[in-house]
Structures are given as C-alpha cells and as structure tokens.
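Peer 1: UniProt numbering puts the sequence shown at residues 1 to 308.
This is the structure I want to talk about, given as structure tokens.
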Amino acid sequence: MRISSSTLYQSGVNNMSNLQANLLQVNTQIDNQKRVVTPSDDPVAAARIELLNSANGQNSQYQKNTDSVANWLSLSDSTLNSAINLMNSMKSEAIHANNGSLSTLQLQQIQQTVREGIDELAGYGNATDGNGSYLFSGNQVTVAPFTVDLNAVPAVTYNGDNGQHSVQVAASRTMTISDPGNAVFGTPGGSPTGALDSLVNLYKLLGQNPRPANFSTQIGTVIGQISDATQQLSVSQASVGAREQENANLQSMSTSLGLQYNSGISDLQGLDMAKAISDFTMTQTSLQYTQKTYAQVAQLSLFNYISS
C-alpha cells in the first residue's frame, strides 16, 4: 500500500496539532488548578458545575439575608429586654410611691426618676439598627416612631405605621423581622403608646400637690397599666426570640448547604495536580519527538523526490 506524500505531511501536521492542543489544555488546567476550565473540557461536568454555582450563589445570598435578620432581631431582642427591665423598675417606683408616709419632696424625687424613665423608654422605642433605620416604626423606617411632649395632649404620639419588614431567608421562607411600635409598646385593644402612657400617667400623678384623696386608687390603676404594657413587651420579645431561633436554624442549614455545594463543585472541577503535571510532561515529550521526527522525514531526499 502506497502512502502519498501529502498524506504523510498531513498526518504529521495533525499529530503535532493534536499534541499542541492537548498540551495547551493541560497547561490551562494547571494554571487555573481546575479540571474543567471551559465547557469543552467536560460538557456534562460543566453543565453540572454551572447548576451548582447558581444554587450556591443563591444560597450565599440567603446567608447574607439571615445575617442581616440576625442583627436586626438581636437588636430588637436586647432593646425589648432593656425596656422590660425599665418597666419593672418603674413599677417598683410606683409601688414605693403608694406609701402614704412619703413626703411631698420624696414624691417629687420619685417623679424625677420616672421622668428619666420616660426618656429612657422613648429611647428604646426609637432605637435604630445602627444604620439609621428605626426598629419599631413599621414601614416608616426613617421616621422616629415615638414623640414625647409632656406639655402636649396627648403627651405621647406614635408616628409610624402598622407595616412589618420581611426578608427572603430561604427558597420557600420569608421571615418577618420587625414589629410596629404601636403593637410592641402599645396595649392590646388600648393605646398604641400604652407603655409610655403608663409612665406619663405616673409622672403626672406624682406631680399633684396636694396629693389627691384617691391617690392610692389612681396609683393602683397606673400600676395595672404598667403591668399590662410590660406583659405586651414580654409577648413581643418572645416572638422575636422565636424568630431568632428559627433564623439561627436557617443559618446552620445554609452553611451546610454551602459546604455541600462547594464539595460537589470541587469533586467535578478538582484537578489531580500530580496527574496533570505528569500528563503535561508526557504530552510535551511526545510533541518534541513528533516535531523532531517530522523534521527529519521532511528533509529526506526521497521524500522531496516524491513530493515533487
């Protein structure tokens, strides 16, 4: 069987082209430390990697969302805890003020303490997330939810709305992260500013001089108002705590999913460096021998004769 010169020439060129392509592919894999750099390296694996990267990216966004949720809920939780402690302290002041043996001066001192408590509670009601958004203003995040003016009627106003913020924390889960101030600091079926109102009522009662005849009855009513408002704050805190726990569980799940996705991508895309370097060396050696052989064959006089 005779082999034409053109066939020999083309065969040599094809062998060198294939080896050069293989060498470039392995070199690219080594440079990127990845087995699949382009879809042509492994179309099936490349498609799977694309799906895993997409899912992993979405999961990473959910992780960021749960981190933001955790921060918001943690701030809300600590704020409500401080508010509850303050209300319990104010209740103790009210019970102490109901002592009939206290002088007018002593009542005025308690009144001043209550005045400071009103300012402190208003501060909790107007707490922010650290970035300027108010925790308890509903959708009016740029508006301070509570205004207190003891010379106005009413003395306390709520400036927010009934809105609640929700965040996508999983593919099929949206979590409500905020509660409006009128629900948290209000009283069910009563005033939207019930907690602050109860302290304002105590403040004004303590400022009456002489002490009214029904002082004990009135302060008993105020103590009840403080108790109701404190109970509502506790209910709100419990709700926040439940969401914190769920969010923590979602964070754990997202972390596990992220590890699974990364592991899957690594399995598909991971490069055996030792094998890749060995393949590169062997392919390089084969290319060198092929080039040398081709050059020698191309220089044969008989080859030149046949080619002519």
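Every residue gets a Cβ at the ideal spot worked out from N, C-alpha and C, and that includes glycine.
The structure presented is a predicted model; accordingly, all values stated were derived computationally and were not measured.
Whose C-beta lies closer than 6 Å to the C-beta of threonine 104 among residues of the same chain, with five residues either side of it excluded?
Peer 2: Taken in chain order, the residues that qualify are Asn209.
Peer 1: Do the CB positions of proline 180 and aspartate 197 come within less than 9 Å of each other?
Peer 2: Contact: no.
Peer 1: Check the DSSP bridge columns for phenylalanine 146 and list the partner residues they point to.
Peer 2: Beta-bridge pairing links phenylalanine 146 to Tyr158.
Peer 1: Does DSSP put serine 178 in a helix, in a strand, or in coil?
Peer 2: Looking at serine 178 - three-state DSSP - the assignment turns out to be coil, as it is neither helix nor strand.
Peer 1: Per DSSP, threonine 128 forms a beta bridge with which residues?
Peer 2: Bridge partners of threonine 128: Tyr134.
Peer 1: Does the beta-carbon distance from valine 167 to valine 69 come in below 9 Å?
Peer 2: Yes, Cβ-Cβ distance for valine 167 and valine 69 is below 9 Å.
Peer 1: Does the Cβ-Cβ distance between glutamine 63 and serine 216 come in under 9 Å?
Peer 2: The answer is no: Cβ separation not under 9 Å.
Peer 1: Name the DSSP bridge partner or partners of glutamine 168?
Peer 2: Per DSSP, Thr174.
Peer 1: Measure the beta-carbon distance from glutamate 93 to threonine 79 and round it to whole angstroms, keeping in mind my assumption that it falls under 8 Å.
Peer 2: Contact doesn't hold; Cβ gap of about 21 Å is too wide.
Peer 1: If you drop the 5 nearest sequence neighbours on each side, which residues of the same chain put their C-beta closer than 8 Å to that of proline 39?
Peer 2: The answer, listed in chain order, is Ala46 and Ala47.
Peer 1: Kindly provide the ranges of any alpha helix (DSSP H) runs that are 4 or more residues long and lie completely inside the stretch 51-119, ordered along the chain.
Peer 2: List check, alpha helix (DSSP H) in window: nothing returned.
Peer 1: In chain order, what residues of the same chain lie with their CB nearer than 7 Å to the CB of asparagine 65, ignoring the 5 residues before and after it?
Peer 2: For asparagine 65, where only same-chain residues beyond five positions count, the Cβ hits under 7 Å are Val167, Gln168 and Val169.
Peer 1: Consult DSSP for residue 391 and reduce its assignment to one of helix, strand or coil.
Peer 2: The first residue shown for the chain is 1 and the last is 308, placing residue 391 beyond what the model contains.
Peer 1: Please state whether DSSP places glycine 190 in a helix, a strand or coil.
Peer 2: Here glycine 190 sits in coil by DSSP.
Peer 1: Can you look up valine 153 in the DSSP assignment and give me helix, strand or coil?
Peer 2: Three-state DSSP puts valine 153 in coil, outside helix and strand.
Peer 1: For asparagine 139, which of helix, strand or coil comes out of DSSP?
Peer 2: If DSSP states are grouped into helix, strand and coil, asparagine 139 belongs with coil.
Peer 1: Would DSSP call aspartate 42 helix, strand or coil?
Peer 2: Coil.
Peer 1: Should alanine 229 and glycine 186 be called a contact, given that it needs their Cβ atoms to be closer than 9 Å?
Peer 2: Cβ atoms of alanine 229 and glycine 186: closer than 9 Å.
Peer 1: What residues in its chain sit with their C-beta under 7 Å from that of isoleucine 118, if we drop five residues either side in the sequence?
Peer 2: For isoleucine 118, where only same-chain residues beyond five positions count, the Cβ hits under 7 Å are Val148, Leu196, Leu199, Val200 and Tyr203.
Peer 1: Quick check on DSSP: helix, strand or coil for glycine 163?
Peer 2: In the structure shown, glycine 163 sits in coil (DSSP, three-state: anything other than H, G, I, E or B).
Peer 1: Short of 6 Å in beta carbon distance, which residues of its chain neighbour glycine 264, apart from the five on each side in sequence? Order them along the chain.
Peer 2: Taken in chain order, the residues that qualify are Leu52.
Peer 1: Which whole-angstrom value is the C-beta distance of leucine 73 and aspartate 129, which I expect to be below 8 Å?
Peer 2: With a Cβ gap of about 10 Å, leucine 73 and aspartate 129 do not count as contacting.
Peer 1: Apply the 10 Å Cβ neighbour rule to serine 266 and answer buried if 16 or more other Cβ atoms are within range, or exposed otherwise.
Peer 2: With fewer than 16 other Cβ atoms within 10 Å, it is exposed.
Peer 1: Excluding five sequence neighbours on each side, which residues of the same chain lie with their C-beta closer than 6 Å to the C-beta of threonine 176?
Peer 2: The answer, listed in chain order, is Gln164 and Ser166.
Peer 1: On a Cα-Cα basis, can you pick out the residue from Gln61, Leu268 and Asn159 that is closest to residue 312?
Peer 2: Nothing about residue 312 can be read from this structure; the chain reaches only from 1 to 308.
Peer 1: Note down the Cα distance separating proline 192 from tyrosine 134, rounded to an integer number of angstroms.
Peer 2: Computed Cα separation, rounded: 17 Å.
Peer 1: Could you tell me which of Ala55, Gly224, Gln232 and Tyr124 sits nearest to alanine 144, measuring between CA atoms?
Peer 2: Among Ala55, Gly224, Gln232 and Tyr124, the Cα nearest to that of alanine 144 is on Tyr124.
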